[in-house]
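Line by line, the protein sequences give chains V and E.
When we follow our numbering, the leftmost residue of the first sequence carries the number 26, and every step to the right adds one.
When we follow our numbering, the leftmost residue of the second sequence carries the number 95, and every step to the right adds one.
All residues carry an ideal CB built from backbone N, CA and C; glycine is no exception.
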Amino acid sequence: MNRISKLTRFAVAPLLIVAGLVTLGAADTEARFQSVGHKLMCACGCSQVLLACDHLGCPNLAQETDELRTAVARGDNDTAILTQFQAQYGPTVLAAPWLTKFNIVAWIVPPALLFFGLVGTFFLVRKWRLRTVDLPDIPQDTQSVAIRERIRRDTEL
Amino acid sequence: MPTFGSWSLKIALVLSAYNLLAGAVALRMLATGKRGFLYRILVDGLHMSPERLAESARRAGIASFIATSCAAFALVWAAFTNDFSVAYIVQHSNRALDIKYKFAALWSGQEGSLLLWAWLLTGYGFVLRLRHKVDVTLSAYASTILAGIQVFFLMLVNFPATPFSLVPGGVIPADGNGLNPLLQYPEMVIHPPMLYLGYVGFAVPFAFALGALMMRYPGEKWIHITRRWTMVTWLFLTVGIFLGMHWAYNVLGWGGYWGWDPVENASLMPWLTGTAFLHSVMMQEKRGMMKSWNVWLIFSTFLLAILGTLLTRSGLVSSVHAFAQSPIGTWFWIFLVLVLAVCTFTYILNRDHLRTEHRLESLVSRESSFAFNNLILLAACFTILWGTLFPVMSEYVQGYRVTVSAPWYNRIGVPVGVLLLFITGLGPLLAWRSTSMRSIRKNFIIPSAAALLVAIGLLPFGVKPWTIFTTGEQGNFYAWVTFSLSAFVITAIFAEFFRGALVIQRHTGQNLLLSVIQLTRRNTRRYGGYLVHFGVVLIFIGFSGQAFNQSKEMTMNFKQNMYIGPYRIECEDFSQDSNGNYDTTFAMLNVYNSSGKKITSLAPELRFYTASQQPQTMVANYSTPAWDLYVIFAGSDPGTNQPVIKAFLNPLVMWIWIGVLITILGTGIALVPNLSAALASQRNRVPAMLPDDIVAAGKAGD
Numbered sequence: 026m027n028r029i030s031k032l033t034r035f036a037v038a039p040l041l042i043v044a045g046l047v048t049l050g051a052a053d054t055e056a057r058f059q060s061v062g063h064k065l066m067c068a069c070g071c072s073q074v075l076l077a078c079d080h081l082g083c084p085n086l087a088q089e090t091d092e093l094r095t096a097v098a099r100g101d102n103d104t105a106i107l108t109q110f111q112a113q114y115g116p117t118v119l120a121a122p123w124l125t126k127f128n129i130v131a132w133i134v135p136p137a138l139l140f141f142g143l144v145g146t147f148f149l150v151r152k153w154r155l156r157t158v159d160l161p162d163i164p165q166d167t168q169s170v171a172i173r174e175r176i177r178r179d180t181e182l
Numbered sequence: 095m096p097t098f099g100s101w102s103l104k105i106a107l108v109l110s111a112y113n114l115l116a117g118a119v120a121l122r123m124l125a126t127g128k129r130g131f132l133y134r135i136l137v138d139g140l141h142m143s144p145e146r147l148a149e150s151a152r153r154a155g156i157a158s159f160i161a162t163s164c165a166a167f168a169l170v171w172a173a174f175t176n177d178f179s180v181a182y183i184v185q186h187s188n189r190a191l192d193i194k195y196k197f198a199a200l201w202s203g204q205e206g207s208l209l210l211w212a213w214l215l216t217g218y219g220f221v222l223r224l225r226h227k228v229d230v231t232l233s234a235y236a237s238t239i240l241a242g243i244q245v246f247f248l249m250l251v252n253f254p255a256t257p258f259s260l261v262p263g264g265v266i267p268a269d270g271n272g273l274n275p276l277l278q279y280p281e282m283v284i285h286p287p288m289l290y291l292g293y294v295g296f297a298v299p300f301a302f303a304l305g306a307l308m309m310r311y312p313g314e315k316w317i318h319i320t321r322r323w324t325m326v327t328w329l330f331l332t333v334g335i336f337l338g339m340h341w342a343y344n345v346l347g348w349g350g351y352w353g354w355d356p357v358e359n360a361s362l363m364p365w366l367t368g369t370a371f372l373h374s375v376m377m378q379e380k381r382g383m384m385k386s387w388n389v390w391l392i393f394s395t396f397l398l399a400i401l402g403t404l405l406t407r408s409g410l411v412s413s414v415h416a417f418a419q420s421p422i423g424t425w426f427w428i429f430l431v432l433v434l435a436v437c438t439f440t441y442i443l444n445r446d447h448l449r450t451e452h453r454l455e456s457l458v459s460r461e462s463s464f465a466f467n468n469l470i471l472l473a474a475c476f477t478i479l480w481g482t483l484f485p486v487m488s489e490y491v492q493g494y495r496v497t498v499s500a501p502w503y504n505r506i507g508v509p510v511g512v513l514l515l516f517i518t519g520l521g522p523l524l525a526w527r528s529t530s531m532r533s534i535r536k537n538f539i540i541p542s543a544a545a546l547l548v549a550i551g552l553l554p555f556g557v558k559p560w561t562i563f564t565t566g567e568q569g570n571f572y573a574w575v576t577f578s579l580s581a582f583v584i585t586a587i588f589a590e591f592f593r594g595a596l597v598i599q600r601h602t603g604q605n606l607l608l609s610v611i612q613l614t615r616r617n618t619r620r621y622g623g624y625l626v627h628f629g630v631v632l633i634f635i636g637f638s639g640q641a642f643n644q645s646k647e648m649t650m651n652f653k654q655n656m657y658i659g660p661y662r663i664e665c666e667d668f669s670q671d672s673n674g675n676y677d678t679t680f681a682m683l684n685v686y687n688s689s690g691k692k693i694t695s696l697a698p699e700l701r702f703y704t705a706s707q708q709p710q711t712m713v714a715n716y717s718t719p720a721w722d723l724y725v726i727f728a729g730s731d732p733g734t735n736q737p738v739i740k741a742f743l744n745p746l747v748m749w750i751w752i753g754v755l756i757t758i759l760g761t762g763i764a765l766v767p768n769l770s771a772a773l774a775s776q777r778n779r780v781p782a783m784l785p786d787d788i789v790a791a792g793k794a795g796d
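Here is the structure:
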């Protein structure tokens, strides 16, 4: 009984490994299909990401997803797939611009602005703090002073 | 009825133009004493004093609302009575259309939605003009500026986009083309009006800010007057945006709620600057700082609301929401440039009036956190504007358009969002003017410990932040950071409530819950604001769930099963049905949990609307706090006619909607006036309490 059990284990183990590898590959293929599919747009003009296209009766969806599935199954890398799609459907098929030529500007400007903004605000706040000269008095009418006092009293923030 | 509507619009335009001209002339005379050409016509010619002229302008503004209401009523009436002599009704309604959606016909097309803009604008103006006694002069300036905006929108609906055009050739069709199926959903009856109430509402604080600057109005009274206007407007915009998300999630059927579409972005931009404004005005109220900044923030918010409308209507950017391309874009460009010119000119003339009264005293202070909060909100706004307009720039520079969609926003925008979440937690922990090290230690220890616990505690539950370094997949990392920061912020908020409530409890002897309620009532703005922050954190938690989304698609036969996450979906039946408005194909699906117990039945549908000849999916969703099981009827297999079912498992989505409800509640609380401390103490007085204690309890927690 024990011997049979051991034999079964030996027989099953390679099968499990093979099944695991096959499943792993399938999961990997599906994950890649999903990943690349979200880097592409539907080319019908609906302005939606390919795998999020909910356009019923879309003339492009089936063709594009089939081509993508074939390319992923063939083992093409992401760059090759995206290049192929760009050549076939034009640059608008890519869901985000590549880091080439002027397109680099799209990626660089917002983070750069945030960075310089943070640094600038830091130094501005520091400069304000370091200023020791008293500000000149600003004439204020009694009504607005009273209102401000009331606001400050009511809204201790 | 079309003639009545058309004439109402003409009368509304004339009344608004009179409000603008007479108001401007009267205010100029009252401010400078100069008698111009128009003054001689209006004041000398009509034998009216400048005060009476200003009053007549105000009344004309009020009457313009009545006239615009008549026009809006005429269009809705035409939809209800199937008056197909009106071209707009032919295009956007039909006989079989459900009554509640006949209302939606008002804003389902270009002309109708512009009429809605004009109507809401005159409605806001109506309230402003009725409440003019709050400050007669400032209200007169604001009313005149608002009249200028009214003139623009009423010109649009009177000339290039009139909703009362008759059908060409005079041949009245028997039925209309019907309402876009995407709009035949209950939320669509309230989403656009909410969004428009938000967009249009920013015109009021804008008008007050510009008016206050024009008349060099002293102090912060304009902010005090407009605080509730701004908050209500912000609330409408928030509700409008999230109703749109909920609609997209439940109707569009792609499994998500935000597609970074240019029109979605257009609604988010003024929301971000409006949020920045709501924070930075506190600096002006409290410390007399950032006056110029505040003025420009509200100018930008209004300009962005106009830009959003321009983007939707000009065809400048391609969008799933955009109306048909029309020459109306040129009108908006002119208006946008004109408003910008007026704002810049007024600012340059009066900028010395906006001198700051105090400087910042410490880098570690509430003021400093507000400065950074504003910077991050504006950076988020710029990022969205940049992403929205980059395709147009690319066309100019490179000669071809590129697409800037979700992958770009996720990579660039998500880190900014995370930074914003961090500052949301940090700000309330810092004191005004300066925060001592002792205070920092006291306030930060518990929230930081909570964040650390969550960061470590998430690792065994399948959150893998290191994938950003191994595979380049960012979702897990940002979700992990968001969950940890959320723990930090939530703990900080609850600690604030707890500390304040303990003080009240000590003085009144009532239980902790009642103490929290009293604390909140005594400083509604502060604690309402904390609730809003709490709601925003829940929304961020809901967004983070996206990193763990799963989906599956299969053709299902009777009794066939699909497995996704902890659920087994069994196809019970599939069939067809029909009514006057649409034909439908649907599947009946039973859902079982991992222990085999049936938990619900779902019936995703695919409708085909007869009038518009358009198909539309109807999503079936089983929502729990952990995740949504979101199922769509994707089509039928051409060979077997079996339904193709697509299922999504979307974690934590419910928290987005809960977060919005809490945000609404918090804003509502912040809008309510404070209960005076003395009154609160009297109401909750315990018999043994001495008068001194009552006074002390009244002061506690402020």
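Which listed residue (the options) has its alpha carbon closest to that of residue i
{"i": "His447/E", "options": "Ala586/E, Leu307/E, Leu366/E and Ala241/E", "result": "Leu307/E"}
{"i": "Leu471/E", "options": "Phe439/E, Leu401/E, Pro485/E and Val508/E", "result": "Val508/E"}
{"i": "Asn715/E", "options": "Leu346/E, Leu607/E and Phe702/E", "result": "Leu346/E"}
{"i": "Arg460/E", "options": "Gln707/E, Leu401/E, Leu443/E and Ser533/E", "result": "Ser533/E"}
{"i": "Thr231/E", "options": "Ala268/E, Arg122/E, His186/E and Thr369/E", "result": "Arg122/E"}
{"i": "Thr734/E", "options": "Lys653/E, Ile633/E, Gly753/E and Thr649/E", "result": "Thr649/E"}
{"i": "Gly270/E", "options": "Arg321/E, Leu291/E, Phe178/E and Val221/E", "result": "Phe178/E"}
{"i": "Val180/E", "options": "Pro96/E, Leu107/E and Tyr657/E", "result": "Pro96/E"}
{"i": "Ala500/E", "options": "Trp352/E, Phe652/E and Val747/E", "result": "Trp352/E"}
{"i": "Phe591/E", "options": "Leu579/E, Gln736/E, Thr618/E and Ser233/E", "result": "Thr618/E"}
{"i": "Arg615/E", "options": "Phe628/E, Lys536/E, Leu769/E and Ser237/E", "result": "Leu769/E"}
{"i": "Leu625/E", "options": "Ile758/E, Pro541/E, Asp671/E and Ile598/E", "result": "Ile758/E"}
{"i": "Phe140/V", "options": "Lys196/E, Leu513/E and Ala172/E", "result": "Leu513/E"}
Residue i versus residue j: straight-line alpha-carbon distance, rounded
{"i": "Ala782/E", "j": "Ala589/E", "result": "Bear in mind that a pLDDT of 41 at Ala782/E, under 50, signals an unreliable position, so the number given afterwards is only what the model happens to contain. Looking at the two C-alpha atoms, the distance is approximately 29 angstroms."}
{"i": "Trp526/E", "j": "Gly659/E", "result": "49 angstroms"}
{"i": "Leu391/E", "j": "Gln710/E", "result": "41 angstroms"}
{"i": "Trp132/V", "j": "Pro485/E", "result": "13 angstroms"}
{"i": "Gly556/E", "j": "Gln59/V", "result": "20 angstroms"}
{"i": "Leu331/E", "j": "Met309/E", "result": "29 angstroms"}
{"i": "Lys104/E", "j": "Val610/E", "result": "54 angstroms"}
{"i": "Tyr343/E", "j": "Gly349/E", "result": "6 angstroms"}
{"i": "Trp751/E", "j": "Ile633/E", "result": "7 angstroms"}
{"i": "Phe680/E", "j": "Lys653/E", "result": "15 angstroms"}
{"i": "Phe98/E", "j": "Gln204/E", "result": "20 angstroms"}
Cross-chain neighbours of residue i in chain V, by beta carbon under 8 angstroms
{"i": "Tyr797/E", "result": "With chain E represented from 95 up to 796, any question about residue 797/E goes unanswered, as that position is not in the structure."}
{"i": "Ala473/E", "result": "Pro135, Leu138, Leu139 and Gly142"}
{"i": "Phe466/E", "result": "Leu143 and Thr146"}
Rounded Cβ spacing between residue i and residue j (contact assumed at less than 8 angstroms)
{"i": "Leu210/E", "j": "Ile243/E", "result": "Actually they are not in contact, since the Cβ atoms of Leu210/E and Ile243/E sit about 15 angstroms apart, beyond 8 angstroms."}
{"i": "Phe582/E", "j": "Ala544/E", "result": "6 angstroms"}
{"i": "Trp323/E", "j": "Val298/E", "result": "5 angstroms"}
{"i": "Ser386/E", "j": "Phe127/V", "result": "With 8 angstroms as the limit, Ser386/E and Phe127/V do not qualify as a contact, their Cβ atoms being about 34 angstroms apart."}
Within chain V, partners of residue i - CB distance below 7 angstroms
{"i": "Glu462/E", "result": "The sequence shown places Ser at residue 462/E, rather than the Glu named in the question. Val150, listed in chain order."}
Interface partners of residue i on chain V, CB under 9 angstroms
{"i": "Ile243/E", "result": "Neighbours of Ile243/E on chain V: none; closest Cβ ~27 angstroms, over 9 angstroms."}
Beta carbon of residue i nearer than 8 angstroms to that of residue j
{"i": "Ser100/E", "j": "Cys164/E", "result": "no"}
{"i": "Ile319/E", "j": "Phe302/E", "result": "yes"}
{"i": "Gly569/E", "j": "Ala641/E", "result": "yes"}
{"i": "Phe371/E", "j": "Asn388/E", "result": "yes"}
{"i": "Ala168/E", "j": "Leu273/E", "result": "no"}
{"i": "Ser374/E", "j": "Asn444/E", "result": "no"}
{"i": "Thr678/E", "j": "Leu700/E", "result": "yes"}
{"i": "Phe247/E", "j": "Ala212/E", "result": "yes"}
{"i": "Leu523/E", "j": "Ala465/E", "result": "no"}
Cross-chain neighbours of residue i in chain C, by beta carbon under 9 angstroms
{"i": "Asn128/V", "result": "The structure shown contains no chain C; the protein chains it does contain are V and E."}
Residue i Cβ short of 7 angstroms to the ligand FAD heavy atom set
{"i": "Trp751/E", "result": "For the ligand FAD, the structure offers nothing, since it holds no ligand at all."}
Closer than 8 angstroms at the beta carbon, the chain E residues around residue i
{"i": "Leu119/V", "result": "Val496 and Thr497"}
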